[in-house]
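Working notes, structure below.
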Amino acid sequence: MQNLPVELQLQIISFLDVETILSLRKTCTSLSQFTHDRSLWLDLIPRMSHILPRSLSESETATLSTLQLERMIKTAMHVEQVWLLPRKDSFLVKERCDSDDIENPIPRVRYLAFVSDHYLLSLGSEGKINLWKINDVFAPFAAEVFVTYASSIWYPCGYHLNAAGSVLAIALTHVELVAARVLTISLDSGSSSDSGPPLLVTQGEFPIFPPQVIRAIDADLELALLSNTALSFEVVNWRTKAQATIALRANDLGDLWNGITAMRICGPYILVFRMHTVEAYPLPLHISSGVGERSDILPQLTFRFPHTMTYRRVSLTKTTCTKDDESDIYGLSALANDLFHGIFHFYVKLTVCASPSLSVSPLGVRPMAVASPQFIAAPLPEDLSLPLAPPVPFGIVQDTRTFISAWALGDYGRRGIWVARSRISMIRTVVAFTNPPDVSNTLGEARVWSDDSLQANVDSERPRLINGRVVHDIPLRDDITVCAVSDTTGRMALGSWAGSITIL
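Under our numbering, the first residue of the sequence shown carries the number 125, and numbering increases by one thereafter.
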């Protein structure tokens, strides 16, 4: 083979899989040089797209070195192999705090998130902010304190990473609910040891009035979204202090209990996730200069879930945007939990064109409120001809009456977790699952919402059953209230009511 032209040798090697290429590297010096060729690893990107956390554009791969391309592919392979395996080792980032002192309450973990896959962010009560730098998956596990902040009068309530991934913005509200401010952290400042520790910089402050609650912020547009009541919400620019009040749709008395659970800015629209609906409202033009001017008037858009379904908290992925000559299409996945029906996964598609549209498609469902077949209260009839269900193998989640305390999707919707406890169990279980590589391409027109969509089924025309696997057990005393997951590294983070944070 070594007598062949260089171009031909490289062409032959390009047909090999990653494991064989890495083995070839160990054979001899001349063949090892081919395995470091950048074009070889570039060609592997389309072939490995099914395990990568997200699709990469040509402009993104053009900026990556050979070493970065190789590490990205090797990391994706490693995560794919171990993602659904039991996690025996855990790393305690923050100890639990057991205290009955009323004057010094326990700092609860309110928000937990992996930021840029290299950091773990914790926003706690009592004004606590912690940002840890996490090493990669091939190094011994470690978490280094990157930023720490504490205040007795300012409590963190939300965060957002800018589009470039270089600035992290954190929103805080005054303990007396009279004002809010936004702090920023430059993540680039930690790349150099000579730059010193990164600083939290105040970017803006604005007044708030009870019962206003900050639901989301946008670091690029410098906007904060605040819910008022079930009747309206506020949009505030923290730099210019411009603001606007937007009335929520209220078609019937039931909408008075249709509270806001999450919000997100998508181009010229504000997506509002409510307990029974997903709604899109035009972003006021005078609020931000970051949104292009439009000559047409955008309509309000609404999607209503089946009447039997409701949720009070939702985990959202990052927003994707694809553009063509006629429209801009924004998409994101969401994971929510209905107390009676269980976990459900859906995809939101917002099309901005001459006739804007909003669609919400069910992707997967995991019933949690059905009795497990192995627990039968009454004796079976003797003439029963139907065979009993076979035992469930280790690691497979059973459909049993289960309480879900926390759930999360990765930034790209490739992976997700939830924390559950069944009625008969004295432990909590961490359940992991995997979604299709690109959910926007797996949607069929037959997959529509109905009351039957919330039931377990194998019908290809209905949402798939989310096949989760138990990967970790937790003592019952550790009441997990928040969690986070990284699509890229496969790491999971669990935050308890007692203030402890564990990474799996």
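We treat Cβ as the ideally placed atom computed from N, Cα and C, and that holds for glycine.
If you draw a straight line from the alpha carbon of proline 280 to that of glycine 248, how long is it in whole angstroms? Numbered from 1 along the sequence shown, position 156 holds the residue referred to as residue 280. Numbered from 1 along the sequence shown, position 124 holds the residue referred to as residue 248. Those two C-alpha atoms are separated by around 7 angstroms.
Beta-carbon spacing of alanine 343, proline 408 below 8 angstroms: Sequence index remark: in the sequence shown, residue 343 carries index 219 (1-based). Sequence index remark: in the sequence shown, residue 408 carries index 284 (1-based). Contact: no.
Arginine 547 vs isoleucine 598 beta-carbon contact at 8 angstroms: Residue numbering aside, residue 547 sits at position 423 when the sequence shown is read from its first letter. Residue numbering aside, residue 598 sits at position 474 when the sequence shown is read from its first letter. The answer is no: Cβ separation not under 8 angstroms.
Segment limits, alpha helix (DSSP H) that includes isoleucine 145: Against the sequence shown, residue 145 aligns to sequence position 21. Note, isoleucine 145: alpha helix (DSSP H), 142-148.
At the level of alpha carbons, what is the spacing between leucine 148 and aspartate 141? Counting from one through the sequence shown, the residue named residue 148 turns up at place 24. Counting from one through the sequence shown, the residue named residue 141 turns up at place 17. Taking the straight line from one Cα to the other gives about 11 angstroms.
Buried or exposed for alanine 570, please, with buried defined as at least 16 other CB atoms from any protein chain shown within 10 angstroms of its CB. Translated into positions along the sequence shown, residue 570 becomes position 446. For alanine 570, the pLDDT reaches just 40, beneath the cut-off of 50, and the residue's location in the model is therefore unreliable, although a value from the coordinates is still provided. Exposed, since its Cβ has fewer than 16 Cβ neighbours within 10 Å.
Below 8 angstroms on the Cβ atoms is my guess for methionine 399 versus arginine 339; work out the distance and round it to an integer in Å. On the sequence shown, position 275 is the one that residue 399 refers to. On the sequence shown, position 215 is the one that residue 339 refers to. About 13 angstroms separates the two Cβ atoms, so there is no contact after all.
Where aspartate 213 and glycine 540 are concerned, what is the direct C-alpha to C-alpha distance, given to the nearest angstrom? Here residue 213 refers to the residue found at position 89 when the sequence shown is read from its first residue. Here residue 540 refers to the residue found at position 416 when the sequence shown is read from its first residue. Distance between the alpha carbons of aspartate 213 and glycine 540 is about 19 angstroms.
Exposure label - asparagine 375; buried when at least 16 CB within 10 Å: As a first step, residue 375 must be located in the sequence shown, where it is residue number 251. Exposed: under 16 other Cβ atoms inside 10 Å.
Can you confirm whether the region 196-209 touches the region 602-609 when touching is taken to mean that 3 or more C-beta pairs between the two stretches lie within less than 8 angstroms? no
What are the boundary residues of the beta strand (DSSP E) that lysine 198 is part of? Residue numbering aside, residue 198 sits at position 74 when the sequence shown is read from its first letter. Here lysine 198 belongs to no beta strand (DSSP E); instead the alpha helix (DSSP H) covers 190-206.
In angstroms with no decimal places, state the Cα-to-Cα distance between serine 624 and leucine 216. Here residue 624 refers to the residue found at position 500 when the sequence shown is read from its first residue. Here residue 216 refers to the residue found at position 92 when the sequence shown is read from its first residue. Roughly 8 angstroms between the two C-alpha positions.
If you count every other CB in all the chains shown that lies within 10 Å of the CB of serine 439, and 16 or more means buried, which is it? In the sequence shown, residue 439 corresponds to position 315, counting from 1. That one is buried.
Starting from phenylalanine 397, trace the alpha helix (DSSP H) both ways and give me its first and last residue. Within the sequence shown, numbered from 1, the residue matching residue 397 stands at position 273. Per DSSP, phenylalanine 397 belongs to no alpha helix (DSSP H); it is in the beta strand (DSSP E), 393-398.
Straight-line gap, glutamine 498 to methionine 492 (C-alpha atoms, nearest Å): For the purposes of this step, residue 498 is identified with residue 374 of the sequence shown, where counting begins at 1. For the purposes of this step, residue 492 is identified with residue 368 of the sequence shown, where counting begins at 1. Bear in mind that a pLDDT of 34 at glutamine 498, under 50, signals an unreliable position, so the number given afterwards is only what the model happens to contain. The alpha-carbon atoms of glutamine 498 and methionine 492 are separated by roughly 15 angstroms.
Compare the Cα-Cα distances from valine 594 to each of Leu292, Val543, Val396 and Trp621 and report the closest residue. Walking along the sequence shown from the start, residue 594 turns up at place 470. Answer by Cα proximity: Val543.
Tell me the DSSP secondary structure of proline 170 in three-state form. In the sequence shown, the residue the question calls residue 170 occupies position 46. Looking at proline 170 - three-state DSSP - the assignment turns out to be helix.
To the nearest angstrom, report how far apart aspartate 448 and threonine 526 are at their CA atoms. Within the sequence shown, the letter at position 324 stands for residue 448. Within the sequence shown, the letter at position 402 stands for residue 526. Each residue's Cα considered, the two are about 45 angstroms apart.
Where alanine 186 falls: helix, strand or coil (DSSP): Stepping through the sequence shown from its first residue, residue 186 is reached at position 62. Alanine 186 falls in the helix class under three-state DSSP.
In whole angstroms, what separates the C-alpha of aspartate 167 from that of glycine 289? Within the sequence shown, numbered from 1, the residue matching residue 167 stands at position 43. Within the sequence shown, numbered from 1, the residue matching residue 289 stands at position 165. Near 26 angstroms, if we compare the C-alpha coordinates of glycine 289 and aspartate 167.
Identity of the residue in Ile253, Ile341 and Glu268 nearest histidine 284 by Cα: Translated into the one-based positions of the sequence shown, residue 284 becomes position 160. It is Ile341.
One or two residues paired with phenylalanine 215 in a DSSP bridge: Here residue 215 refers to the residue found at position 91 when the sequence shown is read from its first residue. Beta-bridge pairing links phenylalanine 215 to Ile627.
Is aspartate 260 helix, strand or coil by DSSP? Locating residue 260 in the sequence shown gives position 136, where the first residue counts as 1. If DSSP states are grouped into helix, strand and coil, aspartate 260 belongs with coil.
For arginine 588, which residues from the same chain have a beta carbon less than 6 angstroms from its beta carbon, with the 5 sequence-adjacent residues on both sides left out? If you number the sequence shown from 1, residue 588 lands on position 464. Counting only Cβ-Cβ distances below 6 angstroms, and skipping sequence neighbours, we find Gly488.
Decide yes or no for the touch test of the region 610-618 against the region 231-243: beta carbon pairs closer than 8 angstroms, at least 3 of them. yes
Same chain only: Cβ atoms within 8 angstroms of serine 457, ignoring 5 sequence neighbours per side: Reading the sequence shown from its first residue, position 333 is the one you call residue 457. Here the set comprises Leu440, Thr441, His469, Phe470, Tyr471, Val472, Leu487, Leu533, Gly537, Asn559 and Val563.
With DSSP as the reference, identify every bridge partner of asparagine 461, one or two as the case may be. The sequence position of residue 461 within the sequence shown is 337, counting from 1. Answer is Ile467.
Determine the burial state of threonine 187: buried for a count of at least 16 other Cβ atoms within 10 Å of its Cβ, exposed for fewer. For the purposes of this step, residue 187 is taken as residue 63 along the sequence shown, with counting starting at 1. Counting Cβ neighbours within 10 Å, threonine 187 comes out exposed, since fewer than 16 surround it.
Among Ile384, Pro335 and Pro406, nearest to isoleucine 370 - alpha-carbon criterion: Here the question's residue 370 lines up with position 246 in the sequence shown. Among Ile384, Pro335 and Pro406, the Cα nearest to that of isoleucine 370 belongs to Pro406.
Give the secondary structure of isoleucine 175 by DSSP, where H, G and I count as helix, E and B as strand, and everything else as coil. Here residue 175 refers to the residue found at position 51 of the sequence shown. Looking at isoleucine 175 - three-state DSSP - the assignment turns out to be coil, as it is neither helix nor strand.
Nearest residue (CA-CA) to alanine 638, options Leu463, Gly282 and Ala303: The chain is shown from 125 up to 628; residue 638 falls before or after that span and cannot be answered.
Considering Cα atoms alone, identify which of Ser310, Ala460, Pro335 and Leu482 is closest to threonine 323. Position 199 of the sequence shown holds residue 323. Reading the sequence as shown, one finds leucine at residue 323 and not threonine. Closest by alpha carbon: Ser310.
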